[in-house]
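Trainee: Mind having a look at this structure? Questions to follow.
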Amino acid sequence: MNIENLKVIQTDLERTASDLEGVWLNLSGHLQYLQHSYQIRDAADVSLQIEKLQASAEDLRDVAQRLDC
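Residue 53 in numbering that gives the first Met the number 0 sits at position 54 of the sequence shown, with consecutive numbering throughout.
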């Protein structure tokens, strides 16, 4: 695989990580709403999904950084 292809992959990984970050930031606002409306079960589910999105974004950024371009 040539360097140009790796750079494209690296850019895509970083963009996807940023997109996931945007999703979890939006979900954080929804989580606050759920917590204030006493929907504790739903809030716990959303909180778990936020954690998973954060972990996925971190993993994608890790992979992007490991690509030596």
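From the three backbone atoms N, C-alpha and C, an ideal C-beta is built for every residue, glycine too.
(1) Return the CA-CA distance between Q53 and L33, expressed in angstroms with no decimal places.
(2) Return the residue from the list S36, S27, D11 that minimises the CA-CA distance to S46.
(3) Please name the residue in A56, L66, A42 whose C-alpha comes closest to that of R14.
(4) Reducing DSSP to helix, strand and coil, say where D75 ends up.
(5) Do A16 and A66 have their beta-carbon atoms positioned less than 8 Å apart in this structure?
(6) Excluding the five sequence neighbours on either side, which residues of its own chain have a C-beta within less than 6 Å of the C-beta of W23, listed in chain order?
(7) Skipping 5 residues on each side, what residues in its chain have a beta carbon closer than 6 Å to that of I8?
Mentor: Let me lay it out:
(1) Straight-line measurement puts the Cα of L33 at about 19 Å from the Cα of Q53.
(2) It is S27.
(3) When the alpha-carbon of R14 is set against those of A56, L66, A42, the nearest one is in A56.
(4) Past the edges of the chain, shown from 0 to 68, lies residue 75, and the structure says nothing about it.
(5) Ala is not the amino acid found at residue 66; the sequence shown has Leu there. In this structure, A16 does not lie closer than 8 Å to L66 by Cβ.
(6) The residues are I49, L52, Q53.
(7) For I8, where only same-chain residues beyond five positions count, there are no Cβ hits under 6 Å.
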